[in-house]
Amino acid sequence: MIGVFDSGLGGLSVLAAIAHALPRAELVYLADTAHVPYGDKPDGFITGRVLAIGRHLADAGCKLIVVACNTATTAAIQALRDHLPEIPVVGVEPGVKPAAQSSAARHIAVLATEATARSPRLAHLIRAHADGTRVDVVPCPGWATHVETLRPDTPAFRAEVAAKIEPLLAAGADRLVLGCTHYAFLAPLIAPLLRDRAEIVDVAAAVARQVVRLYGDRHDGQAHLRLLATAHPERLRAALPALGLHALAARAGSATQVSP
Ligand code: DGL
Numbered sequence: 206m207i208g209v210f211d212s213g214l215g216g217l218s219v220l221a222a223i224a225h226a227l228p229r230a231e232l233v234y235l236a237d238t239a240h241v242p243y244g245d246k247p248d249g250f251i252t253g254r255v256l257a258i259g260r261h262l263a264d265a266g267c268k269l270i271v272v273a274c275n276t277a278t279t280a281a282i283q284a285l286r287d288h289l290p291e292i293p294v295v296g297v298e299p300g301v302k303p304a305a306q307s308s309a310a311r312h313i314a315v316l317a318t319e320a321t322a323r324s325p326r327l328a329h330l331i332r333a334h335a336d337g338t339r340v341d342v343v344p345c346p347g348w349a350t351h352v353e354t355l356r357p358d359t360p361a362f363r364a365e366v367a368a369k370i371e372p373l374l375a376a377g378a379d380r381l382v383l384g385c386t387h388y389a390f391l392a393p394l395i396a397p398l399l400r401d402r403a404e405i406v407d408v409a410a411a412v413a414r415q416v417v418r419l420y421g422d423r424h425d426g427q428a429h430l431r432l433l434a435t436a437h438p439e440r441l442r443a444a445l446p447a448l449g450l451h452a453l454a455a456r457a458g459s460a461t462q463v464s465p
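Residues 206 to 465, numbered by the numbering used here, are exactly what the sequence shown covers, in order.
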């Protein structure tokens, strides 16, 4: 069984890619909805949540854990690996490398939570993989919470997204990195703004490939998806069709509340 978690719904974008790549694997998804968002919380708090959730998933029988959250990966993936040395842990980090490699303008932008934007880990990623490329790191407070409402397409939010992205495009950025897994669900709002000036970079498929490498295409007996949430489990279940994740919805049972 593979355990995948996030602060809330964002990691479902990564889970969908994993489920597609591994149709025979048993999956469990944990949304820490009692504590969403992580992006405006201190690193110590996020680390505490990541360790508690990692332990919960390991005790439930997960043989691989995916931290489907850039913020949690940035703050705590090393602590989680130290805490669970027997379990492979895959994280999600902004796609700075593929964006810098493919940017003709040598100018990219990274959209992220406040915690990810300020992190030394992102600064390191940029130094390591975007030498000679201009990288605008753009914190987007409130965006993940907006995705949690399942109704991000309001005129006011559409205007907020445009106000954030237009100046980046006007300055010449030709790659927009989605540095938060929630933002995959904002792609329908972002894409129409680009008008051939830039492309969106999302790493969900690359994360799924890494999971396949580590886990293999095992037959787990039940290719089932178990849903867990620390608050409002029924909302997690309802989010699957609402976000257009019909293949996940078909694989999932009802959602259960847990308290790691
Ligand atoms: N989905 C998460 C990320 O990738 C966290 C969003 C949040 O909880 O602030 O960063």
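Beta carbons: idealized from backbone N, C-alpha and C, even for Gly.
Item                                                                                                                                           : Value
Is there at least one non-hydrogen atom of ligand 1 closer than 6 Å to the beta-carbon of D211?                                                : yes
Taking the DSSP output, what are the residues bridged to P344?                                                                                 : A317
Is the closest heavy atom of ligand 1 to the C-beta of T318 under 6 Å?                                                                         : yes
Would you call the CB atoms of I207 and L269 closer than 7 Å?                                                                                  : yes
Below 6 Å, is the gap between the Cβ of A349 and the nearest heavy atom of ligand 1?                                                           : yes
With a cut-off of 8 Å on the beta carbons, I'd call I395 and L374 a contact; round off their distance for me.                                  : In fact, because the Cβ distance is near 10 Å, the residues do not count as touching under 8 Å.
Excluding five sequence neighbours on each side, which residues of the same chain lie with their C-beta closer than 8 Å to the C-beta of P303? : V406, V408, A411
Skipping 5 residues on each side, what residues in its chain have a beta carbon closer than 6 Å to that of V366?                               : L394
Quick one: grab the DSSP three-state call for Q283.                                                                                            : helix
Exposed or buried, which one is S218 when buried takes at least 16 other CB atoms within 10 Å?                                                 : buried
Using alpha carbons as the reference points, say which of R229, I223, T276, R356 lies closest to P247.                                         : T276
Have a look at E319 and S212 and give me their C-alpha separation to the nearest angstrom.                                                     : 14 Å
Per DSSP, what are the beta-bridge partners of I223 in this structure?                                                                         : According to DSSP, I223 bridges with nothing at all.
Roughly how many angstroms separate the alpha carbons of A280 and G253, rounded to a whole number?                                             : 10 Å
Just the Cα atoms here: how many angstroms apart are G259 and T238?                                                                            : 15 Å
I'd like to confirm something about C385: is its beta-carbon nearer than 6 Å to some heavy atom of ligand 1, or not?                           : yes
If I follow the unbroken alpha helix (DSSP H) through A331, where does it start and stop?                                                      : A small correction: the amino acid at residue 331 is Ile; Ala does not occupy that position in the sequence shown. Note, I331: alpha helix (DSSP H), 325-334.
Taking buried to mean at least 16 other C-beta atoms within 10 Å of its own C-beta, is R456 buried or exposed?                                 : buried
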